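Numbering follows this note's numbering, with no gaps: position 71 of the sequence shown is 879.
Where a beta carbon is used, it is the ideal one built from N, C-alpha and C, also for glycine.
Fair warning: this is a prediction, and the values are worked out from it, not measured in the lab.
Read through the structure below, which is laid out as structure tokens, and then see the notes.
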Amino acid sequence: MTAVVIYDTLPDICAALRKLEEPHSIVFVGPTTNEIAPDGEWMKLTMAITNVVRSGSKFVAVAPPRGEKEWESTRMKVVGMMNTVRESSLCDANEGGNENTTSAFGELYQL
């Protein structure tokens, strides 16, 4: 079964992930927004993603589209989230936990 979930807020994603009953392949595209979500919402999302990865879901994060006012900050939040998910799932490495996460981000050049 294939489902597409379009979210308005990060808590929407957490709610959708809590409903998963079996492993899925998940593609997360970073949010396009002019406002950065609070750190607490990012942490809750990070933990929700970690839980589904530990339960066997494959998770791919794609960089948010460029051009939004807070693009760089949002991009760095997604990078930090993915690093935490990878580190948290390392303890499950024997079960393939750290192989279940991928991120698709081009290089961010500093000017």
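Would you mind stating whether residue i and residue j have Cβ atoms separated by less than 8 Å?
{"i": "residue 858", "j": "residue 897", "result": "yes"}
{"i": "residue 853", "j": "residue 821", "result": "yes"}
{"i": "residue 889", "j": "residue 909", "result": "no"}
{"i": "residue 886", "j": "residue 872", "result": "yes"}
{"i": "residue 825", "j": "residue 860", "result": "yes"}
{"i": "residue 863", "j": "residue 819", "result": "no"}
{"i": "residue 844", "j": "residue 882", "result": "yes"}
Going by DSSP, what residue range makes up the alpha helix (DSSP H) through residue i?
{"i": "residue 897", "result": "879 to 897"}
{"i": "residue 823", "result": "818 to 826"}
Just to confirm the assignment, what range does the beta strand (DSSP E) spanning residue i have?
{"i": "residue 857", "result": "Not the beta strand (DSSP E): residue 857 falls in the alpha helix (DSSP H), residues 847 to 862."}
{"i": "residue 812", "result": "Here residue 812 belongs to no beta strand (DSSP E), and DSSP marks it neither H nor E."}
Near residue i, which residues of its chain fall below 7 Å by C-beta distance, leaving aside the five closest residues on each side in sequence?
{"i": "residue 842", "result": "876, 877 and 878"}
{"i": "residue 849", "result": "818 and 819"}
Within a Cβ cutoff of 6 Å, which residues of the same chain sit near residue i, ignoring the five residues on either side of it in sequence?
{"i": "residue 851", "result": "none"}
Touching or not, the region 862 to 870 and the region 835 to 853, by the rule of three or more beta carbon pairs under 8 Å?
The region 862 to 870 is in contact with the region 835 to 853.
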